[in-house]
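**Student:**
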Amino acid sequence: GTSAASGSNELIDCKCMAGYNGTSDGAACTACDADTYKSATGVGQCSACPVGTSAASGSNELIDCKCMAGYNGTSDGAACTACDADTYKSATGVGQCSACPVGTSAASG
Numbered sequence: 004g005t006s007a008a009s010g011s012n013e014l015i016d017c018k019c020m021a022g023y024n025g026t027s028d029g030a031a032c033t034a035c036d037a038d039t040y041k042s043a044t045g046v047g048q049c050s051a052c053p054v055g056t057s058a059a060s061g062s063n064e065l066i067d068c069k070c071m072a073g074y075n076g077t078s079d080g081a082a083c084t085a086c087d088a089d090t091y092k093s094a095t096g097v098g099q100c101s102a103c104p105v106g107t108s109a110a111s112g
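Sequential numbering of the sequence shown, starting at 4, is according to my numbering.
1. With a threshold of 16 other CB atoms inside 10 Å of the CB of residue 106, please say whether the residue is buried or exposed.
2. Do residue 109 and residue 95 come within 8 Å of each other at the CB atom, strictly closer than that value?
3. Distance, Cα to Cα, residue 103 vs residue 75?
4. Can you check whether the CB of residue 19 is closer than 8 Å to the CB of residue 44?
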């Protein structure tokens with residue numbers, strides 16, 4: 004989870020890569036947990052994905068946070084809202100909830 008430019012001559016030149024967090028330059032870094040991301044290199048903490056979204060561990064961009072199934076939204080990296088009652092969405096990512104077939108129902112989310 005670290006990288007350094009060619010010609011680096013100090014351990015502290017090794018910085019955490021995007022998608023990884025650590026406490027100091029030159030130390031081992033760990034991948035961001037699922038549902039978090041970190042776009043910057045170097046020392047720093049991972050940020051939580053917006054509400055209603057999820058991301059794989061090691062995510063390095065806000066747009067890696069995608070709407071979960073049961074939630075709708077118009078763009079990756081933005082908060083998503085739970086499907087209304089009597090609607091559903093089975094896929095992850097951008098998309099709208101669909102109405103349940105006639106004579107059926109579903110709980111919100």
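Note that CB positions come from ideal geometry on N, CA and C, so glycine has one too. In this text the structure is predicted, and so the values were computed from the model without any measurement.
**Tutor:** According to the structure shown:
1. For the purposes of this step, residue 106 is taken as residue 103 along the sequence shown, with counting starting at 1. Classification of residue 106: exposed, given that the 10 Å Cβ count is below 16.
2. Counting from 1 along the sequence shown, the entry for residue 95 is found at position 92. Counting from 1 along the sequence shown, the entry for residue 109 is found at position 106. No, they are not a contact pair.
3. As a first step, residue 103 is located in the sequence shown; it is residue number 100 there, counting from the start. As a first step, residue 75 is located in the sequence shown; it is residue number 72 there, counting from the start. Distance between the alpha carbons of residue 103 and residue 75: 15 Å.
4. Sequence index remark: in the sequence shown, residue 44 carries index 41 (1-based). Sequence index remark: in the sequence shown, residue 19 carries index 16 (1-based). Cβ distance < 8 Å, so residue 44 and residue 19 count as in contact.
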